[in-house]
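Just so you know, we're using this note's numbering here: the sequence shown kicks off at 152 and counts up by one.
Beta carbons are placed, not taken as given, at the ideal position from N, Cα and C, and that holds for glycine.
See structure below.
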Amino acid sequence: MASGDAPTAPAPAGAVVVSGPDVLRVADIGFEAPAALLAGYGLALARVPDGEAIPGSYWGECEAGLVGTTVHARGDTPVHSLLHEACHLIVMPPERRALVHTDATDSVAEEDATCCLQILLADRLPGVGRARLMADMDAWGYTFRLGSARAWFERDAEDARAFLAERGLP
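Here it is in C-alpha cells:
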C-alpha cells in the first residue's frame, strides 16, 4: 500500500500547501476530536502552524508526521494522513513508540493493520466515518490488491483484522 505522493519541494515559509485531490482536512473537522481520540491511546496531537514544516513527516508537504508518541499535523493535513500515522503508533509495541521519528513502518503486516485500523477509527471522528475515509484514501493514491480501499477492507483484510485482534485493538 502506498500513501500520498512524494513531495516535490518544501513549502515556502508562510504558505499553506494544499496538494492532491479534494479530501477531508483536519481544519474541516477541527483538532479537538482527533486529539481526544489519540489521547485514548496514549498519544498526543501537536498542531503545527499553517505554513510551517511538519516535524517527522515522511511524505512532506501537508502529510502528518511522527516523533515519538506525538503526531504532528496542520490544518491542511488530510484526516486520512493523521489517522494513518497515528495508527502506526497504535499498532506497534509501546517500547518502539518512543524511538519513532518519521518512518514507522516495520512490516507489511503492520502496514496492513495500520490501514485497517485507520478505517475503523474514522467512525469515531464526527463528520468523517469509514466511507469518507476510504474514498479519500483512494483519491489520495493508496493502492490495494483489489483496486480500492473499500474492496480491500471488505474482502481482503482478514490478516489485518487478526493482527489487530491479537493486540486487543478494534
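#1: What's the C-alpha gap between F304 and L320?
#2: Taking only the alpha-carbon atoms, compute the straight-line gap between D227 and R306 and give it to the nearest angstrom.
#3: Just the C-alpha distance for A316 and I205, rounded to the nearest angstrom, thanks.
#4: Using DSSP with H/G/I as helix, E/B as strand and the rest coil, what is L196?
#5: Is the distance from the Cβ of V177 to the Cβ of A224 below 7 Å?
#6: DSSP beta-bridge partners for G216?
#7: Give me, in chain order, the residues of the same chain whose beta-carbon lies closer than 8 Å to that of P277; leave out the 5 immediate sequence neighbours on both sides.
#8: Alpha carbons only, please: which of E236, R301, S258, D173 is nearest the one belonging to A222?
The short version:
#1: 16 Å
#2: 32 Å
#3: 32 Å
#4: strand
#5: yes
#6: S208, H223
#7: I180, A184
#8: The sequence shown places Val at residue 222, not Ala. Taking only the C-alpha atoms, the option nearest V222 is E236.
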